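Engineer:
If you want it as C-alpha coordinates, here you go:
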(Lines of atoms letter the chains of each structure in order from A and count residues from 1; the text may use other names and numbers.)
(Lines give C-alpha, C1' and ligand atoms only; values in the text may rest on other atoms or scores of the structure.)
Protein backbone atom coordinates (compact mmCIF):
# COMPACT_ATOMS: atom_id res chain seq x y z
CA UNK A 1 0.00 0.00 0.00
CA UNK A 2 1.27 3.47 -0.86
CA UNK A 3 2.10 5.75 2.04
CA UNK A 4 2.67 9.47 2.02
CA UNK A 5 4.20 11.21 5.01
CA UNK A 6 3.58 14.95 5.07
CA UNK A 7 6.07 17.04 7.00
CA UNK A 8 5.79 20.75 7.58
CA UNK A 9 8.99 22.73 7.38
CA UNK A 10 10.87 23.34 10.61
CA UNK A 11 10.42 26.60 12.51
CA UNK A 12 11.43 29.63 10.47
CA UNK A 13 13.06 32.94 11.24
CA UNK A 14 10.48 35.60 10.38
CA UNK A 15 12.21 38.59 8.79
CA UNK A 16 9.66 41.29 7.86
CA UNK A 17 11.77 42.90 5.12
CA UNK A 18 12.41 39.59 3.32
CA UNK A 19 9.69 37.80 1.31
CA UNK A 20 8.27 34.80 3.21
CA UNK A 21 9.32 32.38 0.47
CA UNK A 22 12.94 33.27 1.25
CA UNK A 23 12.78 32.84 5.03
CA UNK A 24 15.30 30.41 6.45
CA UNK A 25 15.07 28.02 9.36
CA UNK A 26 15.62 29.35 12.87
CA UNK A 27 18.86 28.52 14.63
CA UNK A 28 18.23 25.32 16.51
CA UNK A 29 15.73 23.98 13.96
CA UNK A 30 18.27 21.49 12.66
CA UNK A 31 18.82 19.99 16.11
CA UNK A 32 15.09 19.98 16.84
CA UNK A 33 14.37 18.13 13.58
CA UNK A 34 17.09 15.56 14.25
CA UNK A 35 15.74 14.95 17.76
CA UNK A 36 12.22 14.53 16.39
CA UNK A 37 13.37 12.05 13.75
CA UNK A 38 15.07 9.70 16.21
CA UNK A 39 11.74 8.04 17.02
CA UNK A 40 10.44 7.94 13.45
CA UNK A 41 10.47 4.87 11.23
CA UNK A 42 10.34 5.86 7.58
CA UNK A 43 12.24 2.87 6.22
CA UNK A 44 9.79 2.54 3.32
CA UNK A 45 10.26 6.14 2.16
CA UNK A 46 12.26 6.31 -1.05
CA UNK A 47 12.03 9.97 -2.01
CA UNK A 48 11.43 13.25 -0.22
CA UNK A 49 9.46 15.68 -2.35
CA UNK A 50 9.57 19.28 -1.26
CA UNK A 51 8.42 22.71 -2.39
CA UNK A 52 10.85 25.27 -3.83
CA UNK A 53 10.78 27.35 -0.65
CA UNK A 54 14.12 27.75 1.12
CA UNK A 55 12.66 26.57 4.45
CA UNK A 56 11.13 23.47 2.83
CA UNK A 57 14.34 22.61 1.01
CA UNK A 58 16.42 22.95 4.18
CA UNK A 59 13.97 20.79 6.14
CA UNK A 60 14.03 18.15 3.39
CA UNK A 61 17.84 18.21 3.38
CA UNK A 62 17.94 17.58 7.13
CA UNK A 63 15.65 14.56 6.76
CA UNK A 64 17.53 13.34 3.69
CA UNK A 65 20.89 13.50 5.44
CA UNK A 66 19.51 11.81 8.56
CA UNK A 67 17.90 8.88 6.71
CA UNK A 68 19.87 8.83 3.43
CA UNK A 69 16.79 9.43 1.26
CA UNK A 70 16.80 10.99 -2.21
CA UNK A 71 15.42 14.52 -2.70
CA UNK A 72 13.24 15.95 -5.45
CA UNK A 73 11.85 19.48 -5.68
CA UNK A 74 8.28 19.87 -6.91
CA UNK A 75 6.85 23.28 -7.82
CA UNK A 76 3.31 21.98 -7.34
CA UNK A 77 3.97 21.56 -3.59
CA UNK A 78 4.54 25.28 -3.07
CA UNK A 79 2.64 27.23 -0.46
CA UNK A 80 -0.58 28.99 -1.30
CA UNK A 81 0.21 32.19 -3.18
CA UNK A 82 -0.16 35.33 -1.08
CA UNK A 83 -0.55 38.74 -2.65
CA UNK A 84 0.33 40.97 0.27
CA UNK A 85 3.45 42.02 2.15
CA UNK A 86 4.35 41.42 5.75
CA UNK A 87 1.51 41.70 8.26
CA UNK A 88 1.51 41.11 12.00
CA UNK A 89 1.22 37.51 13.17
CA UNK A 90 -2.27 37.79 14.67
CA UNK A 91 -3.74 39.28 11.49
CA UNK A 92 -1.94 36.67 9.40
CA UNK A 93 -3.22 33.76 11.50
CA UNK A 94 -6.78 35.10 11.34
CA UNK A 95 -6.66 35.47 7.56
CA UNK A 96 -5.14 32.03 7.09
CA UNK A 97 -7.77 30.42 9.34
CA UNK A 98 -10.55 32.07 7.33
CA UNK A 99 -8.92 30.99 4.07
CA UNK A 100 -8.57 27.36 5.16
CA UNK A 101 -12.19 27.31 6.26
CA UNK A 102 -12.97 27.71 2.55
CA UNK A 103 -13.45 31.47 2.35
CA UNK A 104 -11.87 32.95 -0.74
CA UNK A 105 -9.74 36.02 -0.13
CA UNK A 106 -8.50 38.10 -3.05
CA UNK A 107 -5.15 38.36 -1.27
CA UNK A 108 -4.57 34.61 -1.61
CA UNK A 109 -4.52 32.14 -4.48
CA UNK A 110 -8.10 30.96 -4.89
CA UNK A 111 -8.95 28.18 -2.46
CA UNK A 112 -10.20 25.84 -5.19
CA UNK A 113 -7.16 26.49 -7.40
CA UNK A 114 -4.77 25.71 -4.54
CA UNK A 115 -6.75 22.62 -3.51
CA UNK A 116 -6.86 21.28 -7.07
CA UNK A 117 -3.14 21.96 -7.60
CA UNK A 118 -2.15 20.10 -4.47
CA UNK A 119 -4.49 17.15 -5.12
CA UNK A 120 -3.20 16.89 -8.69
CA UNK A 121 0.37 16.99 -7.43
CA UNK A 122 -0.24 14.21 -4.90
CA UNK A 123 -1.98 12.07 -7.52
CA UNK A 124 1.00 12.56 -9.82
CA UNK A 125 3.42 11.51 -7.08
CA UNK A 126 1.37 8.42 -6.28
CA UNK A 127 1.02 7.49 -9.97
CA UNK A 128 4.79 7.70 -10.42
CA UNK A 129 5.63 5.69 -7.31
CA UNK A 130 7.34 2.32 -7.82
CA UNK A 131 4.88 0.30 -5.71
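In my numbering, the protein residues as written are 993 to 1123. In this text, a Cβ means the ideal position worked out from N, Cα and C, and glycines have one as well. This structure is a prediction, so every number in the text was calculated from the model and none was measured.
Please report the Cβ distance between residue 1087 and residue 1043, rounded to the nearest whole angstrom; I am assuming they are in contact, meaning their Cβ atoms lie under 8 Å.
Structural biologist: Counting from 1 along the chain shown, the entry for residue 1087 is found at position 95. Counting from 1 along the chain shown, the entry for residue 1043 is found at position 51. Residue 1087 to residue 1043, Cβ: 20 Å. No contact.
Engineer: Less than 8 Å between C-beta atoms, sequence neighbours within five positions excluded: which residues of the same chain meet that for residue 1059?
Structural biologist: For the purposes of this step, residue 1059 is identified with residue 67 of the chain shown, where counting begins at 1. Excluding residues within five positions, the ones whose Cβ falls inside 8 Å are 1029, 1034, 1037.
Engineer: Assign residue 1061 to one of three DSSP states: helix, strand, or coil.
Structural biologist: Residue mapping note: residue 1061 aligns to position 69 of the chain shown, counting from 1. Residue 1061 falls in the coil class under three-state DSSP.
Engineer: Going by C-alpha distance, which of 1053, 1094, 1079, 1062 is nearest residue 1009?
Structural biologist: Along the chain shown, read from residue 1 onward, the residue named residue 1009 stands at position 17. The residue with the shortest Cα to Cα distance from residue 1009 is 1079.
Engineer: Hey, could you find the ends of the beta strand (DSSP E) residue 1042 is sitting in?
Structural biologist: Within the chain shown, residue 1042 is the residue found at index 50, counting from 1. Start and end: 1039 to 1042.
Engineer: In this structure, does DSSP put residue 1045 in helix, strand or coil?
Structural biologist: Residue mapping note: residue 1045 aligns to position 53 of the chain shown, counting from 1. Note: residue 1045 maps to coil in three-state DSSP.
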